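**Student:**
Protein chains: 2
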Amino acid sequence: MAKRKVANPLAFAVLGSLGERPMHPYEISTMLKTRGKDLSIKLNYGSLYSVVAALEKNGFIEAVETVRDGNRPEKTVYAITAAGRDEFADWLAELLGSPEREFSQLEAGLAYLPAFSPDRVVELLDQRIEALAAEVEKLETTHAEMASHKFPRIFWVESEFRLALVKAEITYTRQLVRAIRTDELEGSAFWRKGFEAVEKYGIQPADLFKDPVKYFGEELPWLQEIPPEAK
Amino acid sequence: MAKRKVANPLAFAVLGSLGERPMHPYEISTMLKTRGKDLSIKLNYGSLYSVVAALEKNGFIEAVETVRDGNRPEKTVYAITAAGRDEFADWLAELLGSPEREFSQLEAGLAYLPAFSPDRVVELLDQRIEALAAEVEKLETTHAEMASHKFPRIFWVESEFRLALVKAEITYTRQLVRAIRTDELEGSAFWRKGFEAVEKYGIQPADLFKDPVKYFGEELPWLQEIPPEAK
DNA sequence: GAACTAATACTCGATTTCGAGTAATCGAGA
DNA sequence: TCTCGATTACTCGAAATCGAGTATTAGTTC
């Protein structure tokens with residue numbers, strides 16, 4: 001899968017929109033908003049115009065007319081080309097068929113959990129759960145509304161998917177909080193002790209492992225087993 | 232939450248790494264790799280060096296020495312500053328406590344489902360499910376391995392979380408495929424008809440709604456109810 | 001009809017991001 | 001001891017990203 005010439009997902013939305021009819025960039029942006037697509041695809045004006053320029057440069061779209069309305073800036077209306085339709089189809093197939101590794105911010109945070117005390121982590125994760133729950137509620141309200149208007153699900157599957165992901169995040173986070181609270185998370189006893197040593201007695205994190213028994217006691221046998229830079 | 236002066240998650244990892252001990256950039260990169268943090272935080276050499284420079288410019292880290300090994304390029308060793316520790320703590324709190332809206336590529340794809348035929352979509356989603364299942368298996372193997380080495384969960388929660396997300400994606404996608412296959416997804420009958428009209432008879436998508444009864448028949452009452460640019 | 005607010009329609013350039021490329025050295029095998 | 005691939009350690013510039021700012025007009029309210 002050679003790298004896409006214009007890779008911003010907004011470009012994909014532009015191609016999708018122009019697939020319906022020719023439009024000028026700002027019109028595309030309002031259309032995406034009225035259809036709520038801006039909730040699934042990040043819309044930014046700066047990107048919109050540069051992406052349109054890049055699409056034109058690569059022959060995926062072409063200017064079909066420029067209209068001027070009084071003293072307003074002149075609007076360039078673009079249409080999709082045959083190459084553009086191919087690119088869109090290829091792109092959509094890739095988006096649907098080939099998952100691409102994406103990094104969520106929470107993963108980055110979880111990777112550094114031991115930098116905070118277990119109690120602080122629990123506090124923060126609880127806060128996150130609350131915020132996520134609020135989002136779930138908002139999504140569910142919207143969905144109920146659309147369903148009651150008989151607006152077909154096919155037009156909002158992306159929002160359903162989003163809801164599924166947020167719910168999964170809540171479920172995982174709840175479970176993690178519980179595991180930390182009850183100390184059933186393997187390593188959390190160690191975590192508490194190590195954190196205290198660093199925080200209260202000013203030991204450098206890197207020195208903790210030089211004399212594990214001193215800082216952690218002997219109840220943590222795996223500490224002696226694992227190599228310092230274990231997988 | 233004012234915008235972060237250096238926003239790349241890699242910068243967060245750099246601060247986290249230098250929190251343990253002073254290092255030079257390449258050393259940070261290998262450490263992230265041996266610990267598997269590069270699986271949760273995107274590591275790219277170009278970004279690494281520019282991010283280190285930006286962190287230094289903003290006083291979050293400082294060069295403590297430069298060593299030269301024979302004819303090799305000279306290595307600059309950096310240490311975290313007090314301001315850097317604050318920034319790291321603040322950042323971690325934000326990552327854990329305040330979910331930020333992230334856009335997954337699949338959402339973009341789902342937003343344009345009707346551009347393909349239902350059959351093609353099912354085919355592609357099945358392909359995606361297979362790829363995701365392979366990832367689940369890999370993750371579970373790794374987890375079993377780490378568990379058998381008694382490597383504490385606290386050091387790989389981020390991978391657990393990743394696994395939870397992938398599983399949720401599979402579950403949702405499976406359900407969606409089923410709904411499309413059985414035509415129980417509201418709108419999918421409409422979808423089939425609209426797609427045929429566009430594909431087989433060359434009607435412009437934008438014209439479909441001008442005479443809905445003609446293209447869709449009368450069994451789809453909601454088509455007459457909803458405004459053309461419905462929410 | 002004056003004064004605002006909202007909507008329209010972009011522009012700009014400073015920063016970020018990226019990944020391919022480079023160049024030296026190390027180590028293992030033939 | 002020679003070779004060759006892996007590892008170390010970065011550099012560079014093209015391209016993308018962003019969001020605040022600008023200028024005009026339409027609509028609304030008093």
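So the protein lines, in turn, are chains A and B. What the first sequence shows, in our numbering, is residues 1 to 231, in sequence order. What the second sequence shows, in our numbering, is residues 232 to 462, in sequence order. Built from N, CA and C at the ideal position, the CB exists for glycine as well. Since the model is a prediction, treat every value here as computed from it, not as a measurement.
Closer than 9 angstroms, Cβ to any Cβ of chain A: which residues of the segment 365-386 of chain B, in chain order?
**Tutor:** Result list: Glu-366, Thr-373, Glu-376, Met-377, Ala-378, His-380, Lys-381, Phe-382, Pro-383, Arg-384, Ile-385 and Phe-386.
**Student:** State yes or no: is the beta carbon of Glu-431(B) nearer than 9 angstroms to at least one beta carbon in chain A?
**Tutor:** Taking the second sequence and counting its residues from 1, one reaches residue 431(B) at position 200. Strictly speaking, residue 431(B) in this sequence is Lys, with Glu absent from that position. No, Lys-431(B) lies away from the interface with chain A (no Cβ there is under 9 angstroms from its Cβ).
**Student:** Do Leu-39(A) and Ser-29(A) have their C-beta atoms closer together than 9 angstroms?
**Tutor:** Locating residue 39(A) in the first sequence gives position 39, counting from the first residue. Locating residue 29(A) in the first sequence gives position 29, counting from the first residue. Not a contact, by the Cβ cut-off of 9 angstroms.
**Student:** Exposed or buried, which one is Ala-7(A) when buried takes at least 16 other CB atoms within 10 Å?
**Tutor:** Along the first sequence, read from residue 1 onward, the residue named residue 7(A) stands at position 7. Classification of Ala-7(A): exposed, given that the 10 Å Cβ count is below 16.
**Student:** For my contact list, Val-388(B) and Leu-176(A) are in at a C-beta cut-off of 8 angstroms; report their separation, rounded to the angstrom.
**Tutor:** In the second sequence, residue 388(B) corresponds to position 157, counting from 1. In the first sequence, residue 176(A) corresponds to position 176, counting from 1. Indeed they touch by this definition, with Cβ atoms about 6 angstroms apart.
**Student:** Tell me the DSSP secondary structure of Ile-311(B) in three-state form.
**Tutor:** In the second sequence, the residue the question calls residue 311(B) occupies position 80. It is a strand residue.
**Student:** Tell me, please, which residues DSSP counts as bridged to Met-23(A).
**Tutor:** Looking up residue 23(A) in the first sequence gives position 23. Looking at the DSSP assignment, Met-23(A) forms a beta bridge with Tyr-78(A).
**Student:** Would Thr-312(B) and Glu-293(B) qualify as a contact pair, given that the criterion is a beta-carbon distance under 9 angstroms?
**Tutor:** Reading the second sequence from its first residue, position 81 is the one you call residue 312(B). Reading the second sequence from its first residue, position 62 is the one you call residue 293(B). It is a contact, given that the beta carbons lie within the stated cut-off.
**Student:** DSSP on Thr-413(B), reduced to helix/strand/coil?
**Tutor:** Taking the first residue of the second sequence as 1, we reach residue 413(B) at position 182. Coil.
**Student:** Alpha carbon to alpha carbon, how far is Gly-84(A) from Lys-57(A)? Give it in angstroms, no decimals.
**Tutor:** Walking along the first sequence from the start, residue 57(A) turns up at place 57. Walking along the first sequence from the start, residue 84(A) turns up at place 84. When rounded, the distance between both Cα atoms is 11 angstroms.
**Student:** Output the boundary residues of the beta strand (DSSP E) element that contains Ala-7(A).
**Tutor:** The residue labelled residue 7(A) in the question sits at position 7 within the first sequence. Where Ala-7(A) is concerned, there is no enclosing beta strand (DSSP E), given that its DSSP letter is neither H nor E.
**Student:** By DSSP's criteria, Val-298(B) is part of a beta bridge. Which residues make up the other side?
**Tutor:** Walking along the second sequence from the start, residue 298(B) turns up at place 67. DSSP, once it has assigned bridges, lists Lys-306(B) as partnering Val-298(B).
**Student:** Drop a sphere of 10 angstroms on the beta-carbon of Ala-115(A), count the other beta-carbons inside from all chains shown, and report buried for 16 or more, exposed for fewer.
**Tutor:** Within the first sequence, residue 115(A) is the residue found at index 115, counting from 1. It counts as buried.
**Student:** Could you check if Ser-104(A) is buried or exposed, using at least 16 other CB atoms within 10 Å of its CB as the buried criterion?
**Tutor:** As a position in the first sequence, residue 104(A) is number 104, starting the count at 1. It is buried - the Cβ of Ser-104(A) has at least 16 other Cβ atoms within 10 Å.
**Student:** Is there a Cβ of chain B sitting closer than 9 angstroms to that of Leu-239(A), yes or no?
**Tutor:** Examination of residue 239(A) is not possible in this model, given that chain A is present from 1 through 231 alone.
**Student:** Secondary structure at Ile-61(A), three-state DSSP: helix, strand or coil?
**Tutor:** Reading the first sequence from its first residue, position 61 is the one you call residue 61(A). Strand.
**Student:** Please classify Lys-234(B): does DSSP put it in a helix, a strand, or coil?
**Tutor:** As a working note, residue 234(B) is residue 3 in the second sequence. In the structure shown, Lys-234(B) sits in coil (DSSP, three-state: anything other than H, G, I, E or B).
**Student:** Consider the Cβ of Val-308(B): report whether some Cβ of chain A lies at a distance smaller than 9 angstroms.
**Tutor:** In the second sequence, residue 308(B) corresponds to position 77, counting from 1. Output row for Val-308(B): interface = no.
**Student:** Just reading off the alpha helix (DSSP H) that Tyr-201(A) is part of, what are its end residues?
**Tutor:** Within the first sequence, residue 201(A) is the residue found at index 201, counting from 1. That run of the alpha helix (DSSP H) goes 188-201.
**Student:** Using only the alpha-carbon positions, how far apart do Leu-267(A) and Gly-340(B) sit?
**Tutor:** Lying outside 1 to 231, the shown extent of chain A, residue 267(A) is not represented and no answer is given.
**Student:** Taking the alpha carbon of Ala-285(B) as the point to measure from, which residue in Ser-329(B), Ala-428(B), Gly-328(B) and Lys-236(B) has its own alpha carbon closest?
**Tutor:** What you label residue 285(B) is simply residue 54 of the second sequence in a count that begins at 1. Closest by alpha carbon: Lys-236(B).
**Student:** Who are the near neighbours of Val-136(A) in its chain, counting only those whose CB is closer than 8 angstroms to its CB and skipping five residues on each side?
**Tutor:** Against the first sequence, residue 136(A) aligns to sequence position 136. Leu-163, Val-166, Lys-167 and Ile-170, listed in sequence order.
**Student:** Quick one: which chain A residues come within Cβ less than 7 angstroms of Phe-243(B)?
**Tutor:** Numbered from 1 along the second sequence, position 12 holds the residue referred to as residue 243(B). Near Phe-243(B) (Cβ distances below 7 angstroms), the residues of chain A are Ala-108.
**Student:** In angstroms, rounded to a whole number, what distance separates the CA positions of Phe-88(A) and Pro-152(A)?
**Tutor:** The count along the first sequence starts at 1 and reaches residue 88(A) at position 88. The count along the first sequence starts at 1 and reaches residue 152(A) at position 152. Cα-Cα distance, rounded: 24 angstroms.
**Student:** Taking only the alpha-carbon atoms, compute the straight-line gap between Ile-411(B) and Leu-355(B) and give it to the nearest angstrom.
**Tutor:** Locating residue 411(B) in the second sequence gives position 180, counting from the first residue. Locating residue 355(B) in the second sequence gives position 124, counting from the first residue. Taking the straight line from one Cα to the other gives about 12 angstroms.
**Student:** Check the C-beta distance from Val-282(B) over to Leu-241(B) and give it rounded, since I have them as a contact under 8 angstroms.
**Tutor:** As a position in the second sequence, residue 282(B) is number 51, starting the count at 1. As a position in the second sequence, residue 241(B) is number 10, starting the count at 1. Contact holds; Cβ gap of about 5 angstroms.
**Student:** In this structure, does DSSP put Gly-36(A) in helix, strand or coil?
**Tutor:** Taking the first residue of the first sequence as 1, we reach residue 36(A) at position 36. Three-state result, Gly-36(A): coil.
**Student:** In three-state DSSP terms, what is Ser-104(A)?
**Tutor:** As a working note, residue 104(A) is residue 104 in the first sequence. DSSP places Ser-104(A) in coil when its eight states are reduced to three.
**Student:** Cα separation between Tyr-309(B) and Phe-195(A)?
**Tutor:** The residue you call residue 309(B) lines up with position 78 of the second sequence. The residue you call residue 195(A) lines up with position 195 of the first sequence. Between Tyr-309(B) and Phe-195(A), the C-alpha separation is close to 24 angstroms.
**Student:** Which of the three DSSP states is assigned to Ala-362(B) in this structure?
**Tutor:** As a first step, residue 362(B) must be located in the second sequence, where it is residue number 131. It is helical.
**Student:** Quick one: what does DSSP say Val-114(A) is sitting in, helix, strand or coil?
**Tutor:** For the purposes of this step, residue 114(A) is identified with residue 114 of the first sequence, where counting begins at 1. Note that residue 114(A) is Pro in the sequence shown here, rather than Val. Helix, per DSSP.
**Student:** Is Gly-46(A) buried or exposed, if buried means 16 or more other CB atoms sit within 10 Å of its CB?
**Tutor:** Taking the first residue of the first sequence as position 1, residue 46(A) is located at position 46. Gly-46(A) is exposed by the Cβ-count criterion.
**Student:** Under a Cβ-count criterion, where at least 16 other Cβ atoms within 10 Å of its own Cβ denotes burial, should Ser-98(A) be classed as buried or exposed?
**Tutor:** Within the first sequence, numbered from 1, the residue matching residue 98(A) stands at position 98. Answer is exposed; the Cβ neighbour count stays below 16.
**Student:** Report yes or no: is there a C-beta of chain A within less than 9 angstroms of the C-beta of Leu-279(B)?
**Tutor:** The count along the second sequence starts at 1 and reaches residue 279(B) at position 48. No, Leu-279(B) lies away from the interface with chain A (no Cβ there is under 9 angstroms from its Cβ).
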